Every structure is written in structure tokens, then in C-alpha cells.
Amino acid sequence: TIKGFIFDLDGVITDTAEYHYHAWKNLGKKMGIEIDREFNEKLKGISRMDSLERILAYGGKADRYTDSEKELLAADKNGEYVKLIEDITPADLLPGIPQLLLDLKASGIKLALASASKNGPVILDRLGITADFDEIVDPSLLTKGKPDPEIFVKGAQQLGLEASECIGVEDAEAGIAAINGAHMFSVGVGDPESMKEADYRVANTSELSLQKILEAAGE
Ligand code: G16
Ligand code: MG
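Just add 1 to the spot in the sequence shown (first one is 1) and you have full-length UniProt numbering.
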């Protein structure tokens with residue numbers, strides 16, 4: 002039986018994926034690297050420094066900057082991102098998420114957050130849903146980021162549950178790979194092509210229904 006849901010944050014609970022995109026796009030411009038939406042799909046769920054490395058490799062500038070310059074570039078991007086998330090309110094919960102959280106609570110299913118974002122706890126607070134989560138995986142303690150399963154494995158451990166008792170929800174290719182690698186049932190939100198590895202897919206969060214997900218997972 003399913004006893005836990007492990008959620009990605011950006012692009013699933015709220016649309017901060019869009020803010021990450023804008024902040025990376027602007028940083029890319031400063032470095033002479035054009036970031037479009039297609040390439041941005043490869044950044045979703047990827048940690049801040051790993052994202053920067055991917056962008057530099059994509060722009061053919063992998064060996065152009067020292068480690069301390071890269072730290073400054075990542076801090077520059079985060080500075081813009083932190084400004085963009087300042088105005089988040091509970092109204093920024095994506096459609097379908099408030100109802101899903103209510104249904105999960107009514108069913109006694111425990112919740113964990115598995116976000117690669119170091120800004121995750123602040124965003125949950127601004128959305129007013131910190132108390133809904135039983136556990137938050139601290140991304141600074143991970144040895145490997147998504148697509149490695151570690152963040153979802155830890156989420157289940159923190160909830161005191163087996164992987165087979167948990168469902169993971171993601172909007173990123175790397176995130177679905179991480180859930181599948183943790184041997185959990187994966188729910189993918191978004192473009193069918195990038196979500197093709199998910200066990201169950203919806204086009205957007207408004208289609209997320211606890212009953213349908215549990216049925217799809219064989220409950
Ligand atoms: C998120 C985003 C990524 C971002 C990462 C790190 O992961 O999808 O684009 O690079 O967090 O965020 P920060 O720079 O705030 O630490 P997730 O796992 O919530 O989708
Ligand atoms: Mg995401």
C-alpha cells in the first residue's frame with residue numbers, strides 16, 4: 002500500500018521552473034550563451050552548480066572560467082532568482098495542488114519534499130504549505146543530484162517507508178530517472194515527450210487526481 006508521496010517542488014508544486022529559466026537565460030546572455038526552452042529542459046531538477054557546468058559545456062566554454070569565477074556566476078544567477086521568488090504567495094500553488102494536498106492529508110498519506118533547490122524551504126513557507134510536509138530532504142547533504150536516485154531514496158528513509166510504499170511526482174527528465182532508479186512509482190507532469198519514462202503521466206498539475214494516481218499504481 003502507498004503510504005507516502007515524495008514531491009519535486011519546481012514545476013510541480015509551483016512554477017518556479019519559469020523563474021529558474023529566466024535567471025539562467027540572463028546569466029547565459031552575460032556569458033554569450035543563448036539558452037532556449039529546449040535546452041532548459043536539460044537543466045530542470047539539476048543542482049545550481051551542475052546546471053552552470055551544463056550551460057558552459059553547451060556554450061563551448063567549459064574551460065573558460067576558474068572555480069571561483071564559477072561560484073560568482075552561480076551566485077549571480079541565484080541573486081536574480083531569489084528576487085524573483087520574493088513575491089510568491091499561496092496563490093502561486095499550481096492548479097490542482099491545493100486539492101491534491103487536501104486529499105493526501107485526508108487519506109493519511111505522508112509527504113516529503115525532494116527538491117534539488119536550496120531555496121526550497123523558503124518557497125514552501127511563502128506558499129504556506131510547510132506544515133503539510135512531514136519531511137524535507139536537505140539537498141546540501143546529497144552526494145549526487147538528480148538523475149541519481151539518492152534524493153528519493155532519502156525521502157522514503159526520512160518518512161520511515163519502503164520505496165514500494167512511495168510515489169514520486171516530477172516534471173523533469175532527470176527527476177523521473179531518479180524516481181525510477183529508486184524503484185518507486187513515478188508520476189510525470191508536463192510535455193509527454195520529456196515525461197515518456199514516467200509510469201503515469203499528466204499534461205499539467207490540474208489533471209493530478211489522487212484517486213487516479215493510486216489506481217494507476219495498482220491500489
Ligand atoms: C530545482 C530546479 C533546478 C535548480 C535546482 C537548484 O530542482 O528544477 O532548475 O537548478 O532546483 O535550485 P537552487 O539554485 O535554488 O538551489 P527541483 O528538484 O525542485 O525541480
Ligand atoms: Mg522540477
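Backbone N, C-alpha and C define an ideal beta-carbon position, used for all residues, glycine too. This structure is a prediction, so every number in the text was calculated from the model and none was measured.
Determine, using beta carbons only, whether residue i and residue j come nearer to each other than 8 Å.
i             : j             : result
threonine 17  : leucine 95    : no
glutamate 151 : leucine 160   : no
alanine 76    : methionine 50 : no
glycine 5     : lysine 111    : yes
alanine 164   : lysine 78     : no
serine 118    : proline 140   : yes
tyrosine 22   : asparagine 41 : yes
aspartate 64  : leucine 102   : no
valine 138    : alanine 113   : yes
Any heavy atom of ligand 1 within a distance shorter than 7 Å of the CB on residue i?
i              : result
glycine 176    : yes
aspartate 77   : no
asparagine 205 : no
histidine 21   : yes
Given this structure, state the Cα-to-Cα distance separating residue i from residue j, to the nearest angstrom.
i               : j             : result
asparagine 181  : cysteine 167  : 11 Å
phenylalanine 8 : lysine 145    : 18 Å
alanine 107     : glutamine 100 : 10 Å
glutamate 39    : aspartate 93  : 24 Å
lysine 30       : glutamate 208 : 36 Å
leucine 44      : glutamate 220 : 33 Å
Return yes when the C-beta of residue i is under 7 Å from any heavy atom of ligand 2, and no when it is not.
i             : result
glycine 46    : yes
glycine 60    : no
glutamate 198 : no
aspartate 192 : no
glycine 12    : yes
aspartate 172 : yes
alanine 18    : yes
aspartate 93  : no
Excluding the five sequence neighbours on either side, which residues of its own chain have a C-beta within less than 7 Å of the C-beta of residue i, listed in chain order?
i                 : result
isoleucine 98     : Ile14, Thr206
phenylalanine 153 : Ile7, Ala115, Gly169, Ala179, Ile180, Ala183, Met185
arginine 202      : Gly189, Pro193, Met196
glutamate 81      : Ala24, Asn27
Relative to the alpha-carbon of residue i, which residue among the options has its alpha-carbon at the smallest distance?
i              : options                      : result
glutamate 70   : Tyr59, Glu81, Leu28          : Leu28
lysine 147     : Ile130, Glu42, Ala24, Ser116 : Ser116
glutamate 19   : Asp68, Ile86, Ala204         : Ile86
isoleucine 56  : Lys197, Ile3, Ile89, Glu35   : Glu35
asparagine 120 : Ala107, Asp11, Val188        : Asp11
residue 1      : Ala218, Glu54, Lys62, Arg38  : Outside the modelled stretch of the chain, which goes from 2 to 220, sits residue 1, for which no answer is possible.
glutamate 136  : Lys62, Pro193, Pro122        : Pro122
lysine 62      : Val83, Glu216, Gly33         : Gly33
Leaving out five residues on either side along the sequence, give the residues of the same chain with a beta carbon under 6 Å from the beta carbon of residue i.
i             : result
leucine 125   : Thr131
glycine 176   : Asp9, Gly46, Lys147
aspartate 200 : Phe186, Ser187
aspartate 172 : Gly12, Val13, Val190, Gly191
glutamate 174 : Ser195
Which same chain residues, not among the five before or five after residue i, have their C-beta less than 8 Å away from its C-beta?
i           : result
leucine 128 : Ile14, Thr15, Ile89, Thr90, Pro91, Asp93, Leu94
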